[in-house]
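The sequence shown runs contiguously to residue 202 in the UniProt record's numbering.
A virtual CB, placed ideally from N, CA and C, is assigned to each residue, including glycine.
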Amino acid sequence: MNTVQPLKDRKQIKAMLKYLHKKNFRDYGWVFMGIHVGLRITDLLKLKVKDVLVEKPGGRRQIRTHINIKENKTRKTRLIKINNPVRDFLREYLTPFKEAEMEYPLFISRKRNKDGSLRSITRQTAYAILKEAKEACGIEESVGTHTIRKTWGYWAYKTTKDIAAIQEIYGHNSAKDTLRYICVDQVQKDFIYESVTFQGIK
């Protein structure tokens with residue numbers, strides 16, 4: 001079984017986002033947010049309007065500075081900075097939500113709960129969406145719902161090299177676990193192999 005990979009090529013990320021943006025803005029949204037916040041897919045999909053919007057006096061709403069969420073798996077609370085790209089996306093995405101209830105799911109499914117209430121898209125739906133986008137964009141690597149979280153970690157490490165901070169954010173026991181999770185350990189091994197070269201005898 002192939003290990004699910006992060007998206008290590010910016011061209012792949014751009015192609016997938018472009019495809020999803022054209023096909024379904026909601027799906028573009030959770031993928032775009034996911035690669036910027038590094039949440040597990042279950043935590044990402046359970047976000048509600050109130051997690052990204054705050055009501056001010058007079059009924060005015062504004063985007064929060066941080067997402068404050070208790071992780072489903074670890075039960076630990078995480079405080080995640082909403083950076084400028086995500087803030088810009090949310091301004092556009094939430095325009096139709098101006099009159100929405102704060103308890104509404106952020107990424108609403110077309111299907112409803114048995115009582116008729118709104119519900120979030122499921123992990124299974126998210127996987128099907130990613131699989132379709134991968135095939136449409138000609139991405140050969142193994143892709144799954146963990147791809148989104150791994151992509152955040154891969155690019156966070158590539159940008160900052162701060163493996164200790166990324167390890168803490170992920171809640172991993174060691175830096176080695178984190179490097180393996182974001183598939184950087186193999187990248188480093190490949191680099192080492194490529195760095196040892198000798199001229200053949202001609």
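Residue i: buried (16+ other C-beta within 10 angstroms of its C-beta) or exposed?
{"i": "LEU44", "result": "buried"}
{"i": "GLY38", "result": "buried"}
{"i": "HIS66", "result": "exposed"}
{"i": "ILE148", "result": "buried"}
{"i": "PRO6", "result": "buried"}
{"i": "THR160", "result": "exposed"}
{"i": "TYR170", "result": "buried"}
{"i": "ILE41", "result": "buried"}
{"i": "ASP115", "result": "exposed"}
{"i": "THR3", "result": "exposed"}
{"i": "PHE198", "result": "exposed"}
{"i": "THR95", "result": "exposed"}
{"i": "ASP27", "result": "buried"}
{"i": "GLN124", "result": "exposed"}
{"i": "GLN188", "result": "exposed"}
{"i": "GLY34", "result": "buried"}
Please tell me whether residue i and residue j are closer than 8 Å, where the distance is taken between their beta carbons.
{"i": "ALA133", "j": "LEU20", "result": "yes"}
{"i": "ARG119", "j": "PRO105", "result": "yes"}
{"i": "PHE32", "j": "LEU47", "result": "no"}
{"i": "LEU53", "j": "ILE63", "result": "yes"}
{"i": "ILE163", "j": "ALA175", "result": "yes"}
{"i": "TYR154", "j": "VAL184", "result": "yes"}
{"i": "THR178", "j": "GLN186", "result": "no"}
{"i": "GLY29", "j": "PHE89", "result": "yes"}
{"i": "ILE121", "j": "LYS150", "result": "no"}
Report all residues from its chain with a CB closer than 6 Å to the CB of residue i; omit the five preceding and five following residues, and keep chain order.
{"i": "VAL143", "result": "LEU130 and LYS134"}
Within a Cβ cutoff of 8 Å, which residues of the same chain sit near residue i, ignoring the five residues on either side of it in sequence?
{"i": "HIS36", "result": "ASN83, PRO85, VAL86 and TRP152"}
{"i": "MET102", "result": "LYS48, VAL49, LYS50, LEU53 and GLU55"}
{"i": "SER109", "result": "LEU118, ARG119, SER120, ILE121, THR122 and THR125"}
Within 8 Å of any Cβ in chain B, is that where the Cβ of residue i sits?
{"i": "LYS48", "result": "Looking at the structure shown, chain B is missing, and only one protein chain is on hand."}
Which same chain residues, not among the five before or five after residue i, have their C-beta less than 7 Å away from its C-beta?
{"i": "HIS146", "result": "VAL4"}
Count the CB pairs spanning the region 115 to 130 and the region 68 to 84 that are closer than 8 Å, and state whether there are at least three. Too few Cβ pairs lie closer than 8 Å, so no.
Could you pull out every unbroken alpha helix (DSSP H) segment of at least 4 residues lying fully inside the region 30 to 56, listed in chain order? 41 to 45 and 49 to 52
Quick check for students: name the residue ranges of the alpha helix (DSSP H) that lie wholly in the region 54 to 139, counting only runs of 4 or more. 84 to 93 and 123 to 136
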